[in-house]
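Asker: I have a structure here, written as structure tokens, and I will follow up with some questions on it.
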Amino acid sequence: MARRAERLALPVGVVATFAILLVVFYYPVGSVLVAAVVRGGRLTLGPLADVLGDPFYTGMLAGTVRDPFGVPAGLGGWVRAGFPSVEFGLFGFTAWQAALSTVASVLVGLPGAYLLARYEFVGRRTLRSLTIVPFVLPSIMVAVGFLAMFGRNGLLNDLLSIVGLGPVGGVLFTLKAVVLAHAFYNAPLVTRLVTTAWESVDARRVESARSLGASRLRAFRDVVLPELVPAVLTAALLTFVFTFLSFPIVLALGGLQLATVEVWLYARVQDLALGEAATLGTIETVLSLSLTYLYLRYEARQVRSRGTTTLSRHRLSIGWRTLRDPVRVGLFAYGIVVVILFVGPLASMVVESLTGSGGLTTANYAFLARQQAATAVGTIRPLPAVRNSLLFGLGTLLLAVPMGVVVSVLAARGGRGSRIAETLMSAPLAVSGVVVGLGMLQTLVFGTTVAGHRLVASGPVAIVLAHAVAAYPFVSRNVTPALSGIDSRLLDSARSLGASRLRVLVDVELPLVAAAVLAGAAFAFAISIGEFDSTVLLSQGVNTYTMPVALERYIGNRSVGPSLGPATAMGTVLLLVTAASFLVIDRLGGRWQP
Amino acid sequence: MAAVSERGPADTNPTGVELDDVTVRFGDVAALRDVSLAVEDGEFFTLVGPSGCGKTTTLRAIAGFETPATGAVRIGGREMGGVPPEDRNVGVVFQNYALFPHLSVRENVGYGLRFHDPPGEVTTRERVDDLLSLVDMADMAERDPDALSGGQQQRVALARALAPGPDVLLLDEPLSALDARLRERLRVTLKAIQRDLEITTIYVTHDQAEALAVSDRVAVVNDGRIEQVDTPERVYREPASRFVAEFVGDNNRFEAEITGTDPPRASVDGLDVTLPNASDVSAGRPVTLCVRPEAIRVTDGDVGSSGAAATTMTATVESREFLGDAYRLHCRWNDRSVLVKTGGRRPPEGTVRLAFDTDDVQVLTDE
Amino acid sequence: MAAVSERGPADTNPTGVELDDVTVRFGDVAALRDVSLAVEDGEFFTLVGPSGCGKTTTLRAIAGFETPATGAVRIGGREMGGVPPEDRNVGVVFQNYALFPHLSVRENVGYGLRFHDPPGEVTTRERVDDLLSLVDMADMAERDPDALSGGQQQRVALARALAPGPDVLLLDEPLSALDARLRERLRVTLKAIQRDLEITTIYVTHDQAEALAVSDRVAVVNDGRIEQVDTPERVYREPASRFVAEFVGDNNRFEAEITGTDPPRASVDGLDVTLPNASDVSAGRPVTLCVRPEAIRVTDGDVGSSGAAATTMTATVESREFLGDAYRLHCRWNDRSVLVKTGGRRPPEGTVRLAFDTDDVQVLTDE
Amino acid sequence: TSGDGSTNGSDSNGSATGGAGREGNTTGNTTATVGSAKTGGTLTVATYASFTGEDTAGAWLKSAFEKRHSNATVEFQVPENGVNQFVQRAQQGAPIDADLYVGLNTSELVRVRRQLDSPLFRSSGTVDGTDAIKQTLDVDPRGRAIPYDTGYITLVYDGTKVDEPRSFDALTKPRYANELITENAQQSDPGRAFLLWTVLAKGEDGYLDYWRDLLDNGVRVLADWEPAYQAFTDGEAPMVVSYSTDQVYYHDSKAQLRRHQVGFLDGQGYANPEAMAAFADAENPDLAREFMSFVLTDRAQSEIAVRNVQFPAVKGVSPGREFEKYAKEPPNPVTMSYDDLAGSVGGWVEDWSRLVASS
Ligand SMILES: Nc1ncnc2c1ncn2[C@@H]1O[C@H](COP(=O)(O)OP(=O)(O)OP(=O)(O)O)[C@@H](O)[C@H]1O
Ligand SMILES: Nc1ncnc2c1ncn2[C@@H]1O[C@H](COP(=O)(O)OP(=O)(O)OP(=O)(O)O)[C@@H](O)[C@H]1O
Ligand SMILES: [Mg+2]
Ligand SMILES: [Mg+2]
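As you go down the protein sequences, you meet chains A, B, C and D in turn. The first sequence begins at 115 in my numbering and counts up one residue at a time. The second sequence begins at 746 in my numbering and counts up one residue at a time. The third sequence begins at 746 in my numbering and counts up one residue at a time. The fourth sequence begins at 63 in my numbering and counts up one residue at a time.
Structure below.
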């Protein structure tokens, strides 16, 4: 009986995962995107062609859509004109800023991975846990932090003037600010994914390379790097997709001058021009899914085999010699960058929450206390928001981890066609948040008529399901590479000893990739904590609001004046609760962690 | 200790293993081609063969890790198609140990007992302790596999496979990383356990002395095919093919021509060699004569004790290897290299006379 | 083939390896304790010892992967403290192969040539091809390591270590996964390469026949310490300790008491044994007598050819193992087990008389 | 996707809840007799988030209304995407489970009309108090939506950094280069109001040229009022498009007042009235009508004004001395009527946003 159940567990898990996806993702999103190709009940590619053929959207490429046969002539003209600079329209710009953001995130994130994976120092584990914190911060709070840190009168300029360097103005409202903010969100992603990969590199292989004459650096390049590249590319892919779909942070720090496609998509939804919104959403989705597919194809071709012996860490501090070691000095410099880019905005937000127009104040926290004590209906209280956030986070973690693992098992041991399945299963990463929100509204909140009954989904269960769907790809992105690196003989051994496929997974595979599962779990929790769109849609009544929802409500509240003070106070609460949660998650789950 | 015995097929075959025309492919490579084998219940069966010939693949097919492209695997008479590995009750020791790195030595050994009751009236803990002492690892029970030497890991892998009391034990070079002393001890233990518990055991080793010493029967595998299945003595003394003759043990091979049939005799480079009476030869046929190095005596001058029956030749010793209990001499005779194994304290040097008996000549007719 | 030679210390020692009081610790475990060794330039030096005794650790300390807690490692007379592995020009074959999984077989072998010119006047490609043919892997050059059998992987690892023409070659059981035939071929090749290029080679093997056959000198390691360093013949015939006597080759051990000194003689359970003249013994001392199994003759009744010099005993054969070229008999005499190795076609059974010569008795005085 | 917590929907950004200025609750007419207490039941009011909760206009209205109508209960509903939610429900045939919507603006009424064939809101019929509504605020020619307060969009500038920009044309002068922050008209109320105001000021044919000049002069178009105002507060630029009630928050300190000056361009301010309307499908239309009447009472008007920091929609209501002193009304309020916007607003915003994004 039990064995039977064990044998069925994985297939059932697959079916359940797919069912959840169907209900809270594919169906809602499909119901929106279908409008891109269906007009008046008939299939048409007209709207797609209109957008692609509009120079505003696609710049130079618009011509190729409208008149494919004119391309050679056009190219010729371009060559004759001496290669003038080419505009690629809104899509082009969106991709360009995403590419820049990706590069920046990787550049900022990689040294962090090196530090965390290869050096031992006091607080390493804590630091590793906290890397995920930026991930949960609402963009308005990041905007506040960036303004206070990098603004004309920001902390950075204050500090620079102290050391006698002139103010660096003009960062804000430029592409630089947007790219930096994207790095703020995504560099930690790079760091986390790469650290996990780095920690599973086989030490013996590195030693082989060294004994064959490779210097430390060469051995890194030839043996370690190939094992890191997939992780770096995963992180880069995710960053690119996220920043391609980025929207509020772009407007808040860059302005409409730097608008992305998502800004347009949102405006269309606001205007209830849902057909056009669907068209934009479809193009975005096709682009990001194609990229995902190509990446997964690449990833599957990488051979990865995890060694039994892992690299040992260096001590970060080696006494006075620390200051003479260029690598360690470099890491120190990197530490300064991290403090400026990450700690700066976060600390600025906290400082903001403690200042008012007349200097230091606790008014913002008094505001929180007042909300907590309030009696009026519709009041958003901070503590229930904290509680709900934590509960949903936990629920999401409990649901998203199994879902992600199931998908990873399919992906790691799957055969033909599993790349396409994996791509489709990764779609929650690649579809515009606005589209997902709209889809949920139209199908789950409004309800769907099934056999004469109108089924409406909302409330805590729906929220957790929605969060889990948004979060599980992070679990599987972390776990898949780790799983496929496990020596298959270990699995064979376990099975020959009598373990069913499920037990092998539980007893052998998951413990071996515990670090990756944990990383995924932390992401799942973070996604849930930071999630806003679907939470607010699916919150019916006042009992299911979360910290970001509360924060957003306090933004509009001016009882402490027309400032973001109350929101920053809530942001600080969010920050602290999140940080504490991650420390706990990592400590509880970190027993197997290297 | 292992006595060689020729087992007849058992009437009941509760845990015998049969392969029926099994072919296993990796992409284009056929690692096994139409392999048929019948391992009796309780038999100690050994696979030998060159590296890459398909030994590991055979074990993996039996354990259920490879699905044969064609053919069937049966355990205890039951067709195994579709039976997952965990339901075959097969213990496996892998060539690379494959210990669970996240479990201690004790937990590794105890792992299979999560799914099976320990055999006999003992607790899991007792069973694990017993097995750990058996492989001499009792004092390292709490270590992680990472902190073990290669041989120690191999011993743990062995204990782990034995713990649940499998019906069939598949051992892929389980002792290859051990020193001779320990290897022998474990081999004896293994054999004793195997005989006590009547576990059908299929053993892969590249150590031929071990294969011959320990096995009830030996299968010689070459390039994905079975060349011969027989008792150790028969495989050694009556090789079915030139490959077997060459592969199992040292051998000297002489191309020869039959010059007479009654008594059968042949000529090697003009040297007249009397063949054993039973030889099935016809005149003029090219044959290969094999003489084991230990069957060749070094006789400083005279023909040797066996008198007229012996063939003799004059050769020069080119080099020698010390083997402990003997020397292996590389001699040259008529531009041919002749291998001789001889005991004694001082190995002969320079020009020597070599002699071998008629009975020690194996005749292989070319296929 | 490898001739045994006793090499004296070379005047110049450009690639000799010396260990000076080296201790290596893993946490609390001392894997090596005060090990001192001097391996001569161009020597083929072998480490043998039980599993877990510290052989791998010794190699790792030489290659620079373990930092000795105390003591010094020198290569070519140069102190290696602080010299990174890549600057030691040492080729290593690891026990677990450690092939680069993302590189093909060819790329694995060619890897070291990215940093060194291939020795001789050949291109990298030629060098790789040569080495691949050397290890019989030429037709698998484009495969990924994942798709190789254990032995095939090991061969690739060997070729990879040889490719850059290292000064010192450290081989950790490089042939353990290979069949006897291939192992011998590679061993001969290895030895030839080693002698041609004068590569100082330190070899770890658990195969003692191999260790004895191939090595210039052998070090017997036990529990992190060196027990004896000597030529193979000396290690086999004149073991420095009881451990060595037991560990290298089969042996029979008899506790005995000295009963006379001129000529020296001892008594084992009442049996009078004449000892070799050179024995350094004093009356009444307990000693251990060792007699190799191959030194014991089975003489169906009479005392044997060597006449009066021999000691004889009557024993029963309890079991026997077929070794191909001989049988190993487990006999019982006076409640002691006696191991005998004997050739021939039909092994003796039942009650037998055993005899050995005075010269074949080794006397170990208890430390 | 990550961290985009502020992707909120159509928040009525300008409108704010507020306890500030509470002390100025000198109530006008406390003895208004509004309707009778006969109608009862539950009134479901859909509105925007900051209209409800502790210390808000909504909370006050609820308790005051319930006190007056002892058998009536007011329940608030806060759909995240505002009135769009009901348009979409109507389009999809999903039930509309509210009686009244509070917080409509003119653009939204246009959108509702454009999207739906059958009306979403019912004609308000006779609602007591409508006669007293200021003429300029008449948002709905069909008489469905009734305005209850208004804000004036204007410039707020830091008097310590710049002189008052008195006209639209001044803003394109080098003197004000890189000194103005406004909001994205696609999604922000004040941003859209400012855009419409420029259309009024420069004409349908001239406003894009004017914006081109503005852009050349370094205007920044941020997402919403909050980041824009935050940037202004942090000193990124000394001028921001905001509300004329701004000084209400800063009258405690002279220094702060100087940093928050209200500048009416060309003596104008763009009125952005908020309106309420009963749903066509309302279950309790009578109660809805009574609620609307109640909202228009002097007492309610001044409470809403103070709590929302917006001007009353009804003539002659005085929300208190402090409010009147610091909340500035433009000499010439302007706004676009429903008819002005119908059919045009979408194109204006689209052309404008393409212009900005391509710059
Ligand atoms: N990383 C480690 N941590 C702790 N102990 C270790 C570690 N590596 C090896 N040891 C211990 O050090 C001792 C020597 O190990 P080593 O690997 O050198 O043995 P070996 O002689 O190579 O054995 P084998 O023939 O089994 O490979 C062993 O007892 C082993 O358990
Ligand atoms: N995954 C694989 N993909 C392709 N070929 C493979 C794979 N695994 C094994 N082979 C090939 O199949 C053949 C048989 O392999 P197998 O591992 O059974 O050999 P073996 O007899 O165990 O050799 P060894 O003694 O060297 O371990 C070899 O030629 C090997 O290269
Ligand atoms: Mg194998
Ligand atoms: Mg070892």
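Heads up, the beta-carbon is just placed ideally off N, CA and C, and yes, glycines get one too.
Could you tell me the alpha carbon to alpha carbon distance between residue 293/D and residue 392/D, rounded to whole angstroms?
Answerer: The residue labelled residue 293/D in the question sits at position 231 within the fourth sequence. The residue labelled residue 392/D in the question sits at position 330 within the fourth sequence. Whole-angstrom Cα-Cα distance: 25 angstroms.
Asker: Any contact between the stretch 823-833 of chain C and the stretch 862-875 of chain C? By contact I mean 3 or more CB pairs, one from each, below 8 angstroms.
Answerer: Counting Cβ pairs under 8 angstroms, fewer than three are found: no touch.
Asker: Mind listing which residues of the stretch 315-338 of chain A have their C-beta closer than 8 angstroms to chain C's C-betas, in chain order?
Answerer: Those would be 316, 318, 319, 321, 322, 323, 324, 325, 326, 327, 328, 329, 330, 332, 333, 336, 337, in chain order.
Asker: On the criterion of 16 or more Cβ atoms from any shown chain inside 10 Å, does residue 265/D qualify as buried, or is it exposed?
Answerer: Sequence index remark: in the fourth sequence, residue 265/D carries index 203 (1-based). Its Cβ having fewer than 16 others within 10 Å, residue 265/D is exposed.
Asker: Quick one: does the C-beta of residue 1023/C sit closer than 7 angstroms to a heavy atom of ligand 1?
Answerer: Here residue 1023/C corresponds to residue number 278 of the third sequence, with the count starting at 1. Residue 1023/C Cβ: outside cutoff for every heavy atom of ligand 1.
Asker: Within the same chain, show all residues whose beta-carbon is closer than 8 angstroms to that of residue 576/A, passing over the 5 residues directly before and after it, in chain order.
Answerer: By one-based count along the first sequence, residue 576/A stands at place 462. Cβ within range, chain order: 138, 558, 652.
Asker: Is residue 1138/C near ligand 2, in the sense that its beta carbon is under 7 angstroms from a heavy atom of that ligand?
Answerer: The structure shown does not extend to residue 1138/C, since chain C spans only 746 to 1112, so no value can be given for it.
Asker: Given a threshold of 16 other Cβ atoms within 10 Å of its Cβ, counted over all protein chains shown, does residue 602/A qualify as buried or as exposed?
Answerer: Residue 602/A sits at position 488 when you count from the first residue of the first sequence. Label assigned to residue 602/A: exposed.
Asker: Could you tell me whether the Cβ of residue 696/A comes closer than 8 angstroms to any Cβ of chain D?
Answerer: The residue labelled residue 696/A in the question sits at position 582 within the first sequence. No, residue 696/A does not count as interfacial toward chain D.
Asker: Between residue 122/D and the rest of its own chain, which residues show a CB-CB distance below 6 angstroms, the 5 nearest in sequence each way excluded?
Answerer: Counted from its first residue, the fourth sequence places residue 122/D at position 60. Cβ within range, chain order: 365.
Asker: Using Cβ-Cβ distances below 9 angstroms, what residues of the stretch 803-825 of chain C are close to chain A?
Answerer: Within the stretch 803-825 of chain C, the qualifying residues are 805, 808, 809, 810.
Asker: Report the residues of the stretch 833-855 of chain C with a CB closer than 7 angstroms to any CB of chain A, ordered along the chain.
Answerer: If the cut-off is 7 angstroms between Cβ atoms, the stretch 833-855 of chain C has 835, 836, 837, 839, 841, 843, 845, 846, 847 near chain A.
Asker: Going along the stretch 996-1007 of chain C in order, which residues come within less than 8 angstroms of chain B, judged by CB to CB distance?
Answerer: Cβ contacts with chain B come from no residue of the stretch 996-1007 of chain C.
Asker: Cβ of residue 1166/C within 7 angstroms of any heavy atom in ligand 4?
Answerer: Here chain C comprises residues numbered 746 to 1112, so residue 1166/C is not present and cannot be evaluated.
Asker: Using DSSP's beta-bridge definition, name the partner residues of residue 567/A.
Answerer: Position 453 of the first sequence, counting from 1, holds the residue named residue 567/A. 564/A.
Asker: Checking contacts by CB at 8 angstroms: is residue 302/A closer than that to chain C?
Answerer: Mapped onto the first sequence, residue 302/A falls at position 188. Not one chain C Cβ lies under 8 angstroms of residue 302/A.
Asker: Taking 8 angstroms as the CB-CB cut-off, is residue 1093/C touching chain A?
Answerer: Translated into positions along the third sequence, residue 1093/C becomes position 348. With 8 angstroms as the cut-off, residue 1093/C does not count as an interface residue toward chain A.
Asker: Would the stretch 362-379 of chain D and the stretch 212-226 of chain D be scored as touching if the rule is three or more Cβ pairs under 8 angstroms?
Answerer: Touching, yes, given that three or more Cβ pairs across the two stretches are closer than 8 angstroms.
Asker: Between residue 957/B and residue 1033/B, is the Cβ-Cβ spacing less than 8 angstroms?
Answerer: As a first step, residue 957/B is located in the second sequence; it is residue number 212 there, counting from the start. As a first step, residue 1033/B is located in the second sequence; it is residue number 288 there, counting from the start. Going by C-beta atoms, residue 957/B is not nearer than 8 angstroms to residue 1033/B.
Asker: For residue 493/A, would you say it is in contact with chain D, using Cβ-to-Cβ distances shorter than 8 angstroms as the test?
Answerer: Translated into positions along the first sequence, residue 493/A becomes position 379. By this cut-off, residue 493/A is an interface position.
Asker: State the DSSP-derived secondary structure class of residue 272/A, mapped to helix, strand or coil.
Answerer: Sequence index remark: in the first sequence, residue 272/A carries index 158 (1-based). It is helical.
Asker: Quick check: is the beta carbon of residue 790/B nearer than 8 angstroms to any beta carbon in chain F?
Answerer: In the structure shown, chain F does not exist; the protein chains are A, B, C and D.
Asker: Going by beta-carbon coordinates alone, are residue 234/A and residue 430/A separated by less than 8 angstroms?
Answerer: Translated into the one-based positions of the first sequence, residue 234/A becomes position 120. Translated into the one-based positions of the first sequence, residue 430/A becomes position 316. Yes, the Cβ-Cβ distance between residue 234/A and residue 430/A is below 8 angstroms.
Asker: According to DSSP, is residue 944/C part of a helix, a strand, or is it coil?
Answerer: Position 199 of the third sequence, counted from the first residue, corresponds to residue 944/C. It is coil, neither helix nor strand.
Asker: With a floor of 3 residues, list each beta strand (DSSP E) that falls wholly inside the stretch 282-328 of chain D, ordered by position along the chain.
Answerer: Counting only runs of 3 or more, we get 282-284, 301-305, 323-325.
Asker: Return yes when at least one heavy atom of ligand 3 lies under 7 angstroms from the C-beta of residue 601/A, else no.
Answerer: Position 487 of the first sequence, counting from 1, holds the residue named residue 601/A. It does not: the Cβ of residue 601/A is nowhere closer than 7 angstroms to a heavy atom of ligand 3.
Asker: Quick one: what's got a C-beta closer than 6 angstroms to residue 309/A's C-beta in the same chain, skipping five residues either side?
Answerer: Along the first sequence, read from residue 1 onward, the residue named residue 309/A stands at position 195. Answer for residue 309/A: 227, 230, 231, listed in chain order.
Asker: What's the gap between the Cα of residue 214/A and the Cα of residue 502/A?
Answerer: Here residue 214/A refers to the residue found at position 100 when the first sequence is read from its first residue. Here residue 502/A refers to the residue found at position 388 when the first sequence is read from its first residue. The straight-line gap from Cα to Cα measures roughly 36 angstroms.
Asker: I need the straight-line Cα distance from residue 419/D to residue 373/A, nearest angstrom please.
Answerer: Counting from one through the fourth sequence, the residue named residue 419/D turns up at place 357. Counting from one through the first sequence, the residue named residue 373/A turns up at place 259. Rounded to the nearest angstrom, the two C-alpha atoms are 6 angstroms apart.
Asker: Confirm the yes/no value for this check: CB of residue 891/C, any heavy atom of ligand 6, distance under 7 angstroms.
Answerer: This structure does not include ligand 6; its bound ligands are ligand 1, ligand 2, ligand 3 and ligand 4.
Asker: For chain A, check one thing: does any of its Cβ atoms lie closer than 8 angstroms to the Cβ of residue 292/D?
Answerer: By one-based count along the fourth sequence, residue 292/D stands at place 230. With 8 angstroms as the cut-off, residue 292/D counts as an interface residue toward chain A.
Asker: Exposed or buried, what is residue 395/D when buried is set at 16 or more other beta-carbons lying within 10 Å of its beta-carbon?
Answerer: By 1-based counting over the fourth sequence, the position of residue 395/D is 333. It counts as buried.
Asker: Can you tell me whether residue 774/C sits near ligand 1, meaning its C-beta is under 7 angstroms from at least one heavy atom of the ligand?
Answerer: For the purposes of this step, residue 774/C is taken as the residue at position 29 of the third sequence. Checking every heavy atom of ligand 1 against the Cβ of residue 774/C, one is found closer than 7 angstroms.
Asker: Which residues of chain B have a Cβ atom closer than 7 angstroms to the Cβ of residue 948/C, listed in chain order?
Answerer: What you label residue 948/C is simply residue 203 of the third sequence in a count that begins at 1. Simply none; closest approach about 14 angstroms.
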